[in-house]
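With positions in the sequence shown counted from 1, the corresponding number in this note's numbering is that position plus 37. Below is one structure, written out as structure tokens; comments come after it.
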Amino acid sequence: MSNHLAGSLSPYLLQHAHNPVDWFPWGEAALGKARAEQKPIFLSIGYSACHWCHVMERESFENPAVAEVLNAHFVSIKVDREERPDLDDLYMDAVQTLTGHGGWPMSVWLTPDLEPFYGGTYFPPEPRGGMPGFIPLLRRIAEVWREDRDGVVGQAGNLAAELRRQAAVEPGTELPGRAALDAALAQLRAAFDPRWGGFGPAPKFPQSMAVELLLARGSTEDRAMALRTLDAMWEGGMYDHLGGGFARYSVDDQWLVPHFEKMLYDNAQLACAYLAAFQATGEARYAEVARGTLDYLVRDLRDAQGGFHSSEDADSEGEEGKFYAFTPAEVREALGEADGDRFCAAFGITDGGNFEHGKSVVHRFSCAREAKLPEEEDRLLRARLLQWRDRRVRPGKDDKVLAAWNGLALSALARGSQVLGEARYLDAARDCAAFLRRELWRDGHLLRVWRQGQAHTRGFLEDHSAVVEGLVDLYEAGFDPAWLGWAENLAEGLLARFQDTAGGGFYSTEADQDDLLFRQKPGFDNAIPGGNTLAARALLRLSRHLQREDLRLAAEGTLRCFAPWMERAPRAFLGLLGVLDLALHEPVEVAISGDPGSPAVRAMLAEVHRRLLPGRVLSVSGDQLLPLHEDRPASEHGPFAFVCQGRTCARPVTTPTELASLLS
């Protein structure tokens, strides 16, 4: 027996399609039913890779007693937060206002007018550990709705007004100065864990924006904090030492035991952070981690059509981490006695274990120095154990393709092809961009979601912005001007549909979206950069290629808009502060006139790619059609490289050695 989710495309909604709960997807059918019957809405928001979402489904939503109460008294709606980040952001703000904390699964009760009046996260079916039981809670909410509806509606109206007040952005008028950046760096220094890296206590999340800001503009000591954090994440269990890629976060302060779900957006951003570290230091280990992460994306998350899937679950066979953890006996079975023992010693796999059921998470940091394997043996044994692990039941995959997250992947692959010199990453980036244009670009509109040949949901601010920046990175990797042309079209749509022309900055949704209480203007950076961060960065970078003043002014208008917030809470705006850093510094512009595929041009490009040059603008063209190449022809004897910063340009150079001297 299925409910109204059976026709959904979302893997998360389909996980609940056979619950006895009479679930509806968000839409007019459900919202109209709530209005017609004057029932409160029970809104449950989560995502496919969410471990506690699975727990609540097993305990409550598959429970006939829970379903009976929900079906009798509520209109129950399931939302995939990854498909509708606007709903997730709005009602997460409500839950945090009501309870002081948030998370997923998110549980919110709304009036038929969509105003929230009660909320929380995970609820057990019966009272447990200080948490109210879900069934008694549902009955109590139904009772209050029946007996004091006016009071509930009044409370909901007050909360909605408070949410509007909190979301209002009083725009600044001046571009923030260096002081906001300095304050952010000072806060990162104060929060840094000198032993294990990272910024703050457990649970520890990867903070790519913090790392990249420290690498770009920090002192020598600041860079050391960033590198220690990258080393610790790689050495611990956060990194999949067999298959590459990173888990979502670490439950402890040592980066040892991860929450095993793997997200596309984390891995795309972390690949970029490790690439930047390699450019900053030349240390090969950072290149290898970036390569392993990009290989994971291409091998395990790429759809046959060219886009990238969203995530892999933490659970397999109903057990968290079962796919990833080992006992010594399992390692010996896979590798043999002698090789198995050496591997266990080198990767911290012990009889007592460091995880559940006596198993161990593969990691590097606790092994004795003498147990470290020679590089080639290390690689071969990891490859053999990976082959053995691949016979296990894999975690579930959320195979929907999201425009914003694919924009991040597009940037990571394009940068990986530049820094690592790997043509296969450029091929994957081109395939991804071609997929986005073919499958998600409809009549001048970008759609957000694609799965199994079907696309839906108009793109949000983050979708347009991340794809624009991904296309800029793709241009700087392969120098096909068609990608800059599409980026320009997307940017013009972004300005037309999302910009707040009065106060500066951008709304997360278009003006004609009628199923929201109000439009939000997201400023804070979270697991991915906020929509305004993505927009400002993309527009600023594109403006420097196209020499379009309107794009630059829109980017700077965003920085002005959020200036007071950035100055009050700089650590909440690390990504936007990174954009400020780009705006405050004149970029190094490198325009090479010549054939992008010629050996002479490739030798020059290698000198650019080996260096960390924050905000640098790179263009190669054999003609003079792009703004950076006007009146800059190639020589009949070979390419010219033109290097400028601000209004100062060096004389054109013709050799990699001369270019290296200018860049240094």
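Cβ coordinates follow ideal geometry from the N, Cα and C atoms, glycine included. Since this is a predicted model, take the numbers as computed values, not measurements.
Check	Outcome
Best match in A600, F384, R406, L613 for proximity to K396 [C-alpha to C-alpha]	F384
Proximity of A575 and V509 at Cβ, strictly below 8 Å	yes
Coarse secondary structure for V288, derived from DSSP in three states	coil
Test item: CB-CB of E96 and P161 under 8 Å	yes
Beta-carbon gap between S245 and A310 smaller than 8 Å	yes
Where the beta strand (DSSP E) through F679 begins and ends	677-682
Beta strand (DSSP E) segments (min. 3 residues) lying fully within the stretch 451-496	482-488, 491-495
Runs of beta strand (DSSP E) lying entirely within the stretch 389-456, each at least 3 residues, in chain order	434-439
For P122, three-class secondary structure by DSSP	helix
L300 burial status per 10 Å Cβ neighbour count (16 or more: buried)	The amino acid occupying residue 300 in the given sequence is Met; Leu does not appear at that position. With 16 or more other Cβ atoms within 10 Å, it is buried.
Proximity of R474 and H482 at Cβ, strictly below 8 Å	no
F535 Cβ short of 7 Å to the ligand NAD heavy atom set	In terms of ligand content, the structure shown is empty, and the ligand NAD therefore cannot be addressed.
Three-state secondary structure (DSSP) of G647	It is Arg, not Gly, that sits at residue 647 in the sequence shown. Looking at R647 - three-state DSSP - the assignment turns out to be coil, as it is neither helix nor strand.
Span separating the alpha-carbon of C598 from that of A503	20 Å
Span separating the alpha-carbon of L553 from that of L527	24 Å
Distance between L619 and A663 (C-alpha atoms, nearest Å)	Sequence inspection shows Leu at residue 663; the Ala mentioned does not correspond to that position. Spanning the two alpha carbons is a distance of roughly 22 Å.
For Y361, the residue or residues it bridges with in DSSP	Bridge partners of Y361: none, in fact.
At least 3 beta-carbon pairs within less than 8 Å: the stretch 338-346 vs the stretch 82-92	no
Outcome for D268 when other beta-carbon atoms lying within 10 angstroms are tallied against a minimum of 16	buried
D117, enclosing beta strand (DSSP E) - first and last residue	112-117
Beta-carbon proximity of A519 to L579, cut-off 8 Å	no
Close Cβ partners of K115 (< 7 Å) along its chain, the five nearest in sequence each way excluded	L42, L50, H53, W60, P62, S81
Helix, strand or coil at E667 [DSSP, three-state]	coil
Neighbourhood of F360 by C-beta distance below 8 Å, restricted to the same chain and skipping five residues each side	F297, S353, R426, R429, V430, R431, P432
Element boundaries [alpha helix (DSSP H), containing M143]	Note, M143: premise wrong, no alpha helix (DSSP H); beta strand (DSSP E) at 143-147.
Cβ-based burial, G444 [other Cβ within 10 Å; buried from 16]	buried
Distance CB(P213)-CB(L596) smaller than 8 Å	yes
Cα-Cα separation, L650 to A628	14 Å
Identity of the residues DSSP links to D352 by a beta bridge	E357
Per DSSP, the bridge partner or partners of V654	E626
Through-space distance from D259 to L24, alpha-carbon basis	Lying before the first or after the last residue shown, residue 24 is absent from the chain, which here runs from 38 to 701.
Per DSSP, cross-strand counterpart(s) of P62	K115
Residue range of the unbroken alpha helix (DSSP H) whose run includes I178	171-184
Rounded separation between E367 and G377 - CA only	9 Å
Identified DSSP bridge partners for G157	S144
Secondary structure of F242, DSSP reduced to three states	coil
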